[in-house]
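These notes are about the structure you will find just below.
Protein chains: 4
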Amino acid sequence: MTLKVGVIGTGMIGQDHIRRLTQVLSGAVVTGVTDIDLERAASAAPMGAQVFDTPQALIGSDEVEAVVICSWGPAHEEQLLTCIAAGKPVFCEKPLVTSAEAALRVMEAEVAFGRRLVQVGFMRRFDADYRRLKAVIDGGTLGLPLMYKSVHRNASVPAGLYTSDMPLNDTLVHDADISRWLLNDEVAEVEVRLPRRSRQGCDLRDPHIVLLHMVSGVIVDVEISVNIAYGYDIRGEASCERGVAALPNRPATVISDAHGIRQAIPEDWRERFLEAYDQEFREWIVAASDGTATGPSTWDGYAATLVGDAALRAVASGVREPISLIEKPALYGPPVARAA
Amino acid sequence: MTLKVGVIGTGMIGQDHIRRLTQVLSGAVVTGVTDIDLERAASAAPMGAQVFDTPQALIGSDEVEAVVICSWGPAHEEQLLTCIAAGKPVFCEKPLVTSAEAALRVMEAEVAFGRRLVQVGFMRRFDADYRRLKAVIDGGTLGLPLMYKSVHRNASVPAGLYTSDMPLNDTLVHDADISRWLLNDEVAEVEVRLPRRSRQGCDLRDPHIVLLHMVSGVIVDVEISVNIAYGYDIRGEASCERGVAALPNRPATVISDAHGIRQAIPEDWRERFLEAYDQEFREWIVAASDGTATGPSTWDGYAATLVGDAALRAVASGVREPISLIEKPALYGPPVARAA
Amino acid sequence: MTLKVGVIGTGMIGQDHIRRLTQVLSGAVVTGVTDIDLERAASAAPMGAQVFDTPQALIGSDEVEAVVICSWGPAHEEQLLTCIAAGKPVFCEKPLVTSAEAALRVMEAEVAFGRRLVQVGFMRRFDADYRRLKAVIDGGTLGLPLMYKSVHRNASVPAGLYTSDMPLNDTLVHDADISRWLLNDEVAEVEVRLPRRSRQGCDLRDPHIVLLHMVSGVIVDVEISVNIAYGYDIRGEASCERGVAALPNRPATVISDAHGIRQAIPEDWRERFLEAYDQEFREWIVAASDGTATGPSTWDGYAATLVGDAALRAVASGVREPISLIEKPALYGPPVARAA
Amino acid sequence: MTLKVGVIGTGMIGQDHIRRLTQVLSGAVVTGVTDIDLERAASAAPMGAQVFDTPQALIGSDEVEAVVICSWGPAHEEQLLTCIAAGKPVFCEKPLVTSAEAALRVMEAEVAFGRRLVQVGFMRRFDADYRRLKAVIDGGTLGLPLMYKSVHRNASVPAGLYTSDMPLNDTLVHDADISRWLLNDEVAEVEVRLPRRSRQGCDLRDPHIVLLHMVSGVIVDVEISVNIAYGYDIRGEASCERGVAALPNRPATVISDAHGIRQAIPEDWRERFLEAYDQEFREWIVAASDGTATGPSTWDGYAATLVGDAALRAVASGVREPISLIEKPALYGPPVARAA
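Chains as they are written, first to last, in this note's numbering: chain A, 1 to 340; chain B, 341 to 680; chain C, 681 to 1020; chain D, 1021 to 1360.
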């Protein structure tokens, strides 16, 4: 009844998921770990877990029923294909893979296998605020959504490690995925506009305005600011035909003092999405225990990859860059709607 | 490593805790259940759990390492004493017991045992909003607390089943306990004032204003409204020397429509305190696995019982009713401070 | 068509009203001023205004059609009686007078005159937030009001000048008057409770909790904190049978920065009630131009005086102090309702 | 000391300004009115005001020191030129004029006159919320502004009378002007994007997203929705280098009832900007009494006209449409900054 999980990659996020699986949630036990740094793997391994020399060995072990991939992006494709070949459910942190071609290869393998095995780490879909927002939009009392405004603000990003392309090929995937999910829609075209540059992140291109033109005609208007200093501030607002629905302030003590009447803002994504990560794995454990996957799929990882690619092209071109999705395999749900 | 838990009482709240222990949290397994209605116990028993004929049999079983009491209040004393005699950690839903004398007997037994075994079900202490509020008060940047305003509003209470004394001997315990905890204080005297009566709960005495005079001099000002129709609305605000700290609105989609700009209010305590219940048991499992208890103690259950008793006397007398606590056993922490 | 106004008392508040009458509002011109300090009067006099040696001379002048009294409290009675004797409309800053007996004498004179001439300076009744709140309560969709919570917080009061009795005989009048007005009710009894004393206002008795038991049974629960450091924070909330209505935050830029998401709080009563003062005089000019008065009346000033007196007695006695109003003269509206 | 004002155009807005000048504000008297419908003019004329047969007669009268133009747009140019020729201060409701060429002619005349005489009716600049927002941005503690988001939502527009071009050549002027003013900047280029069309305003192109590329590089991101049903909702948010500043909710009673915790939204622009209109005229009276004008100028009316024209071109072209301003006459302040 308890799912035996192997974890590939024991860096910060891998260690956090091990903690989550062993100390927070029910239904799973970590039986195996591996990492390119085997010492790090050994020190991260919880009691009773075996340290495997390679991802392949871990995936192939009888003591591993399901896999969590927290390695770096370029390693994902091979590890995912190995999991699919072994028929084992796999949770893969974003990015799914690092190119559209790789995404197609993983999708082809999963479709050939005939059952969903892959869940991609788009944790926002498991956040209670976003789920309530989607319920309101889907409920339809406000009419159809016409615009969605997504604000994605980071207090800061590591100088040097975080480059000017990353707002578009790394950070934007969350806004792209959550917009697709909230709106039950796909991105058709991407535009990027560059406002006056912030002096906070010296050599970085920041902030960005990204317009995602959805197949339905809805326009998603994204602000990405990665060095805004004051906190990690995630906002979302859907303008519908007869009303507007928006994410609330985060719950925080309402303090009245010399700074005014105020509520603290989360410092980073860990604080903001703590419960969402828990819920993400809670649902993964349930599905993986049934030998399958639910939640964000290979298709979603593929679509997000194409948005990032198009956004980078759009910076260079200055115009709308179209996105060409393949026909959606039935495994991933109903076909993509066409514009009216 | 997994705590074997027996559950006494499989009514609504007992079933909910079984669900929590088996499907939500890690570290525990329900190995035994019992109820005065054994059929109900059998149908509530999760896979692999034994149905015991009596609480005594359940508590005495080698397959039960820790106990959750969800039976009705008058049965608690005997069940708690049996758990303590067996040296088994026990989570007891409120009320701890139904009289101050019973509370003293349980406390005496636990003190004699020499280690805390009992955690009382005051779930508000595990709520993230209350924890943040306490951190602000304890942090001291606003100075000392001088007043605390607690608002306790129920949409409705079951006509007939909920009587006029229950706002004071049932509902008030949560406000009393959370005030004691937030303020690191004890209640010294209780006053009750009766505003104009609401016509919503026809024959019920409702609402109540309760003033808890704390040992420190802080006055806790409680509004209890049990038929306010619009929702379950729990508020708390501490007026300190140099500022004010209050619980926030609950996170809910911000909707702009014909009703204004608005956020939904929880319907009931289940919705409001869902995560608090989870956290309450998460921490209980950790402590019980170590053979002990943390969180709200027998002392806290005793103190809350005295507040309810005094509040009922205060309705009749119209004046301040004093509370006489015994000297606090060292097992329950530092002695009660005296007023300056 | 333009009302000729004489102003008695040209201290801070008098000067502010002169500015208001001459520079902000239409329909009035200041034709006369006087003060116990005639030099101050001369320097405060707007162009074209005569400086009178005495209040009596000012009130008696043909160039003065209506009077604004901003002198100190003990001088009010005689000045009011002189205005009434002259049949001239008069705006009188609070306190109306300094004793219940004096209030009765003024009331007797006005009743004998047969038409309202006096408007008392309870500016909160002209504040848009309070007016909207009253409209919601009066509208009745939330049912009858059962409790009203009034919070009155001053950043600081002048040490030495502001004494321990002033929260009750000076500050409280605003909460008493606005409660009477919002609830269409009178105060029947007053209780005072003293929480732990703040160290901000060293030798001052602060804060206070005041319970006003209204004739209808509604309880008004007032917090008065006069040295809370962070700002001038006025709150009001009516708990009704089927819902709650409260004053909003004051409009202020919503700033997200290192201190959180926040709005500034007014610094003092001038900032908070600026527009209310304007509206108060706008309506006074209209009524005075018709030779009469509307808004807060001599009766309201009398009732507020009795509340302050009872509150001081209640501090000393510790119990409910009753208020005995005379029978309400028809000039001031319908008789006081009796409790059900 | 009292400014004698003549009002041209006595439709709804003209009547409202007559009420404002005669009943609300000090310092002005309406001495003349005219309208293409002289009967309407006669019935709108306050006591003592003369009805003139033509605008020219009104402007030329010795009994008129300053003029308020509330006629329809195409008549503005001639009336403005007549006022300037007469050297009389003039308040002109928007639009200043209906073409860039006309604006240039008015500007030329005013510059030749050598002193500002014209104030354009951009009332948002007089709104307290906007003024506080500007103070925060100008204060600089949040760093430089990088983006400004302007939301302009109308509950509904009159079917038939309001056409698809009007969001851009009528409604947008307010967002354009307020952005220029808040940011101390000019619009360099305009883009328009058309989201999925709302079914609320059947045949209307609605909503619009407009991007104003400012000379400084700041991007102003405007949502215009003119049939959103739920109210008149005006929002503004500046994303700066180290923080964000936004307009607050409008003050409205906070009601907790079956619809949640909520505040009403203004129904229309009259309710939203009531106090702003008062303040606008208060300041106009002061300047006009000095024989000049302050506030939004002919230059501002000219710049707003160009934005509307460019926006209409941008709908057709789909690309960025540049704006070419003439060199700014010194009369209207410092020259336009160039991009870094």
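All C-beta atoms, glycine included, are put in the ideal place defined by N, C-alpha and C.
Quick check on the burial criterion: 16 or more other C-beta atoms within 10 angstroms. Buried or exposed for residue i?
i, result
"D:Leu-1192", "buried"
"C:Met-727", "exposed"
"A:Leu-182", "buried"
"B:Cys-432", "buried"
"D:Arg-1262", "buried"
"A:Arg-199", "exposed"
"C:Arg-950", "exposed"
"B:Leu-500", "Residue 500 of chain B is actually Gly in this sequence, not Leu. It is exposed - the Cβ of B:Gly-500 has fewer than 16 other Cβ atoms within 10 Å."
"D:Gln-1043", "exposed"
"A:Ser-179", "buried"
"C:Ala-835", "buried"
"A:Pro-55", "buried"
"D:Ala-1323", "buried"
"C:Ala-991", "buried"
"A:Arg-153", "buried"
"D:Pro-1316", "buried"
"B:Glu-687", "Residue coverage of chain B in this structure runs from 341 to 680, which leaves residue 687 of chain B outside it and unanswerable."
Would a check of beta-carbon distances place residue i closer than 8 Å to chain A?
i, result
"D:Glu-969", "Absent from the model: residue 969 of chain D. The displayed extent of chain D is 1021 to 1360, so no value can be given."
"B:Thr-593", "yes"
"D:Tyr-1150", "no"
"B:Gln-355", "no"
Is the Cβ-Cβ distance between residue i and residue j less than 8 Å?
i, j, result
"A:Val-298", "A:Met-123", "Correcting the residue identity first, residue 298 of chain A is Thr in this sequence and not Val. For A:Thr-298 and A:Met-123, no; Cβs fall outside 8 Å."
"B:Tyr-488", "B:Ala-578", "yes"
"A:Gln-90", "A:Val-118", "As written in the sequence, residue 90 of chain A is Val, which differs from the Gln given in the question. Yes, these two residues count as a Cβ contact at 8 Å."
"D:Val-1327", "D:Leu-1345", "no"
"C:Ala-766", "C:Ile-739", "yes"
"B:Cys-580", "B:Leu-484", "yes"
"D:Val-1207", "D:Pro-1349", "no"
"B:Asp-517", "B:Val-562", "no"
"D:Ser-1081", "D:Gly-1052", "yes"
"B:Pro-606", "B:Tyr-570", "no"
"B:Glu-529", "B:Glu-667", "no"
Nearest chain C C-beta to residue i closer than 8 Å, yes or no?
i, result
"D:Ala-1265", "yes"
"D:Ser-1317", "no"
"A:Gln-263", "yes"
"A:Asp-233", "yes"
"B:Gly-557", "yes"
Quick one: does residue i have its CB under 8 Å from some CB of chain B?
i, result
"A:Ser-26", "yes"
"D:His-1279", "yes"
"C:Leu-891", "yes"
#### Entry: Length at least 3, wholly inside the stretch 1152-1205 of chain D: the beta strand (DSSP E) runs in chain order
The qualifying runs are 1165-1173.
### Task
Any chance you could list the alpha helix (DSSP H) runs of at least 4 consecutive residues sitting entirely within the stretch 1095-1147 of chain D, in chain order?
List check, alpha helix (DSSP H) in window: 1096-1106 and 1120-1133.
### Query
Does the stretch 70-81 of chain A come close enough to the stretch 93-101 of chain A to have 3 or more Cβ pairs within less than 8 Å?
Contact holds: three or more Cβ-Cβ distances are below 8 Å.
### Message
Could you tell me which whole alpha helix (DSSP H) segments of length 4 or greater appear in the stretch 361-399 of chain B?
### Response
Fully enclosed alpha helix (DSSP H) runs of 4 or longer: 378-384.
### Message
For the stretch 304-315 of chain A against the stretch 158-174 of chain A, do three or more pairs of beta-carbon atoms, one drawn from each stretch, fall closer than 8 Å, so that the two count as touching?
### Response
Yes: the two stretches touch, three or more of their Cβ pairs being nearer than 8 Å.
### Message
Three or more C-beta pairs under 8 Å: does that hold for the stretch 1232-1252 of chain D against the stretch 193-211 of chain A?
### Response
Output reads yes: the stretch 193-211 of chain A touches the stretch 1232-1252 of chain D.
### Task
Could you tell me whether the stretch 583-596 of chain B touches the stretch 242-251 of chain A, where touching means 3 or more Cβ pairs closer than 8 Å?
Contact holds: three or more Cβ-Cβ distances are below 8 Å.
### Task
Run through the stretch 222-296 of chain A for me and flag every whole alpha helix (DSSP H) of 4 or more residues, listed as ranges in chain order.
As far as the stretch 222-296 of chain A is concerned, its whole alpha helix (DSSP H) runs of at least 4 residues are 269-289.
### Query
Below 8 Å, can you find three or more Cβ-Cβ pairs linking the stretch 1056-1073 of chain D to the stretch 706-718 of chain C?
Short answer: they don't touch.
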